[in-house]
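S.K.: Numbering (full-length UniProt numbering), first residue to last: 1 to 729.
All C-beta atoms, glycine included, are put in the ideal place defined by N, C-alpha and C.
#1: Can we say the stretch 295-304 touches the stretch 328-337, given the rule of at least three CB pairs closer than 8 Å?
#2: Starting from residue 330, trace the beta strand (DSSP E) in both directions and tell me its first and last residue.
#3: Would you call residue 610 buried or exposed, if buried means 16 or more other Cβ atoms sit within 10 Å of its Cβ?
#4: Give the list of continuous beta strand (DSSP E) stretches no shorter than 3 residues that lie fully inside the stretch 230-286.
#5: Identify, in the order they occur along the chain, each residue of the same chain with its Cβ nearer than 6 Å to the Cβ of residue 322, setting aside the five sequence neighbours on each side.
#6: In this structure, how does DSSP classify residue 146 when only helix, strand and coil are distinguished?
#7: Go ahead and pull the three-state DSSP assignment for residue 622.
#8: Going by C-alpha distance, which of 500, 247, 604 is nearest residue 729?
#9: To test your reading of the DSSP string, which unbroken beta strand (DSSP E) runs of 3 or more residues are found completely within the stretch 69-140?
#10: For the alpha helix (DSSP H) that residue 754 lies in, which residues bound it at each end?
#11: Using 8 Å as the threshold, is the stretch 673-687 in touch with the stretch 615-624, meaning 3 or more CB pairs across them?
#12: Restricting to Cα atoms, I'd like to know which of 310, 699, 115 is closest to residue 140.
#13: Only counting the same chain, and skipping five residues up and downstream in sequence, which positions put a Cβ closer than 6 Å to that of residue 637?
#14: Closest by CA to residue 200, which one among 169, 238, 194?
#15: Quick one: does the C-beta of residue 237 sit closer than 6 Å to a heavy atom of the ligand NAP?
#16: In this structure, how does DSSP classify residue 393 when only helix, strand and coil are distinguished?
#17: Checking the sheet assignment: what are the DSSP bridge partners for residue 678?
#18: Any C-beta of chain B sitting closer than 7 Å to the C-beta of residue 482?
#19: Nearest by alpha-carbon distance to residue 224: which of 205, 562, 234 is it?
#20: Indicate the three-state DSSP secondary structure (helix, strand or coil) for residue 379 in the structure shown.
#21: Using CA atoms only, rank isn't needed, just tell me which of 469, 91, 56, 52 is closest to residue 71.
#22: Going by C-alpha distance, which of 368, 343, 589, 664 is nearest residue 394?
#23: In whole angstroms, what is the alpha-carbon distance linking residue 189 and residue 116?
#24: Span of the alpha helix (DSSP H) holding residue 572?
#25: What does the alpha-carbon distance come out to for the pair residue 43 and residue 96?
#26: By Cβ distance below 7 Å, which residues in the same chain neighbour residue 145 in space, the five residues on each side in sequence not counted?
#27: Would you call residue 339 buried or exposed, if buried means 16 or more other Cβ atoms sit within 10 Å of its Cβ?
#28: Which class does residue 577 belong to by DSSP, given the choice of helix, strand or coil?
#29: From the DSSP output, read off the bridge partner residues of residue 51.
#30: In the DSSP assignment, find the unbroken beta strand (DSSP E) run with residue 27 in it and report its ends.
#31: Between which two residues does the beta strand (DSSP E) carrying residue 434 extend?
#32: Residue 147: buried (16+ other C-beta within 10 angstroms of its C-beta) or exposed?
#33: What does a CB cutoff of less than 6 Å around residue 708 pick up in its chain, not counting 5 residues either side in sequence?
#34: In chain order, what residues of the same chain have a beta carbon less than 7 Å from the beta carbon of residue 687, not counting five sequence neighbours either side?
#35: Say whether the stretch 29-42 touches the stretch 243-258, bearing in mind that this needs 3 or more beta-carbon pairs closer than 8 Å, one atom from each stretch.
#36: Can you pull the DSSP bridge partners for residue 168?
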């Protein structure tokens, strides 16, 4: 075995990305492709009365302008994470920035200019845009009653009444948007035989194929192929299949030519989901020794008039700490805004409240924040509702080791617990910490591995490279199991002609695909060894297969007898092809984050200057890509805590900062020094070589840790993100 798994090898696709050789969805050259551009509604609630397309149609290069009057009827795909409606199917308008017309032209510039010439007359109703105005209308969505939106165990109300110490507070976060570097894009190509090919920026090619097939169920394509070899970021925004994809496919069929659509930055703020505005009321009950006795958790999130889907769960409230009495209730408030969706680490909204409340409890009790968490640590997956799955132990959980390692590296023992007492020159210095946790999923996946006559391997699976290193890690896993050099393995992803695989969302890629890759590689190695020992021309002829090892492309037995993949396959003259499947289970990853902030009190200037993390993600498959996930998660958490805030006009319900000049995200100058530690203990319950899903974990605790550090620095408790300058002065 080559021992490649766990090494921090460089990305196998790194050179292609930095040289421009990597072809993203919008880079695909499709001969004869037209360019599309959407006309978006300027009202948030009402209906279209008239659309005048004459000036647009007369504009040079314009081929067509489609509206709800001539758009084919499409079905809403039957999947809960998509939009509950498809626009341009009727005259109704559900939010500002909803597509009302689709312009197709020879060039992008012509399509954009013509879109400005489309005149739309509306019958408008006054929208509701602020959650604060209608909190008294909050409801528990009927569709999600039961375990999803009202969970619990024990009697939280009675335990709170009897608690020796109580903490009660409300925490809030605004609407936030994903803003990946790569805009959403679709290029739709219909062939003469009725097949449809989509070059799509998607986190799930198989998922997109299924959704498009459902949408065209009344007039189905012969086949749908989705291609997405690279993704320039998604963060959940490119998980669902949004209406612009379906509309582009429909328009390309009408036009009889390929059509490419690339959403503008502003259009992305109303077209593909966001993190909903969120309010979180928490009540903690504890003993004077710091043992939690009760948690009552009520959250309220923005939803739409068409559905009540809530994407920000309170999973950590239910599972993170040992507590016998827990009640979680998740409410919705209907607004005339676009439908929200998953955004990276969706639990963060609720987790921010929980980890801030734990810090408040530690301050109230005079117990160190780390010690308080240790006293409430649990080694079991706790029951979450009466009659639900009984408690069971975690197969492998090393959160206590994360606390110890990160605290020691950070120097936490030197912390003066009294707020406002640590200064460096004219700056106050604060240290804060939080626990990190995230669920990860699993979707049954399949892999096809081929060893060619040249002795090199090719892995094919319809998973995705979303920027996190999937090409690299899967190549490592295959090379390790085959006993080949890494450079002798090629991994191909992002095409529905490959075996079906997991969507890259919910930290499910590695748990879903690593096991099948390893199984396929082991089967292929065994198949080639069988060829060698059965071949009279091989030096290994007659050696028992069990006595043959593979290393660095060579097949070795005792007595210096050996062969190579290349020579065995050259003599065989045909490919060896195997498939791999490996079911897995869902679970949790854990960690701890420690943060240092510095605050200049006269100006209210805040800097995050140092971060130390330690994570328990099971077996580390690649230290370099895992560290990259930590840096990305910390940076994301800094943005959540200090900057990101989508602003909506309360009168028109329009997003007023749909760009990167006023919707602020962290840049390199905002990114602190990050030390990333890993426990690196294989999880015995994981069928992915002991690894767990991890990618979304490193951002979950950062906002609370920053807020807790602010309190330590200046004694001010902030419960509403972002922590902007006005809140510090």
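M.R.: Looking at the atomic coordinates:
#1: yes
#2: Taking the chain shown and counting its residues from 1, the one referred to as residue 330 is at position 330. Its beta strand (DSSP E) spans residues 326-335.
#3: As a first step, residue 610 must be located in the chain shown, where it is residue number 610. So residue 610 counts as buried.
#4: 259-262, 278-286
#5: Mapped onto the chain shown, residue 322 falls at position 322. Answer for residue 322: 376, 378, listed in chain order.
#6: For the purposes of this step, residue 146 is taken as residue 146 along the chain shown, with counting starting at 1. Residue confidence is low: residue 146 scores 41 on pLDDT, short of 50, so the model does not pin down where it sits. No coordinate-derived value is stated.
#7: Numbered from its first residue, the chain shown carries residue 622 at position 622. Reduced to three states, the DSSP call for residue 622 is strand.
#8: For this step, residue 729 is matched to residue 729 along the chain shown. Residue 604 is the option with its Cα nearest to residue 729.
#9: 99-105, 119-124
#10: Residue 754 falls outside the range modelled here, since the chain spans only 1 to 729, and no answer is possible.
#11: yes
#12: Position 140 of the chain shown holds residue 140. Cα-wise, what sits closest to residue 140 is 310.
#13: Stepping through the chain shown from its first residue, residue 637 is reached at position 637. Hits under 6 Å: 699, 702, 703.
#14: As a working note, residue 200 is residue 200 in the chain shown. Answer by Cα proximity: 238.
#15: Inclusion of the ligand NAP in the displayed structure is not the case, the ligand content being empty and no account of it being possible.
#16: Position 393 of the chain shown, counted from the first residue, corresponds to residue 393. Residue 393: strand per DSSP, three-state reduction.
#17: Walking along the chain shown from the start, residue 678 turns up at place 678. Partner(s): 615.
#18: Looking at the structure shown, chain B is missing, and only one protein chain is on hand.
#19: Here residue 224 corresponds to residue number 224 of the chain shown, with the count starting at 1. Looking at the Cα atoms, 205 is the closest of the given residues.
#20: For the purposes of this step, residue 379 is taken as the residue at position 379 of the chain shown. Here residue 379 sits in coil by DSSP.
#21: Residue 71 sits at position 71 when you count from the first residue of the chain shown. Cα-wise, what sits closest to residue 71 is 91.
#22: One-based indexing of the chain shown puts residue 394 at position 394. The shortest C-alpha separation from residue 394 is found at 589.
#23: Locating residue 189 in the chain shown gives position 189, counting from the first residue. Locating residue 116 in the chain shown gives position 116, counting from the first residue. Distance between the alpha carbons of residue 189 and residue 116 is about 26 Å.
#24: For the purposes of this step, residue 572 is taken as the residue at position 572 of the chain shown. Note, residue 572: alpha helix (DSSP H), 565-572.
#25: Numbered from 1 along the chain shown, position 43 holds the residue referred to as residue 43. Numbered from 1 along the chain shown, position 96 holds the residue referred to as residue 96. Approximately 5 Å between the Cα atoms of the pair.
#26: The residue given as residue 145 occupies position 145 in the chain shown. Here the model assigns residue 145 a pLDDT of 40, short of 50, so the residue's position is not dependable, and the following value carries that caveat. Same-chain partners within the cutoff: there are none.
#27: Along the chain shown, read from residue 1 onward, the residue named residue 339 stands at position 339. Classification of residue 339: buried, given that the 10 Å Cβ count is 16 or more.
#28: The count along the chain shown starts at 1 and reaches residue 577 at position 577. In this structure, residue 577 counts as strand in the three-state DSSP scheme.
#29: As a position in the chain shown, residue 51 is number 51, starting the count at 1. Bridge partners of residue 51: 120.
#30: Numbered from its first residue, the chain shown carries residue 27 at position 27. That residue, residue 27, is in no beta strand (DSSP E); it is neither H nor E in DSSP.
#31: For the purposes of this step, residue 434 is taken as residue 434 along the chain shown, with counting starting at 1. Element bounds for residue 434: 427-440.
#32: Reading the chain shown from its first residue, position 147 is the one you call residue 147. Residue placement at residue 147 is poorly supported in this model, since its pLDDT is 45, which falls under 50; the coordinates are not used for a value here.
#33: Stepping through the chain shown from its first residue, residue 708 is reached at position 708. Closer than 6 Å at the Cβ level, and outside the excluded window around residue 708, lie 359, 432.
#34: Along the chain shown, one-based indexing puts residue 687 at 687. Hits under 7 Å: 515, 582, 583, 584.
#35: yes
#36: On the chain shown, position 168 is the one that residue 168 refers to. Answer by DSSP bridge pairing, in chain order: 283.
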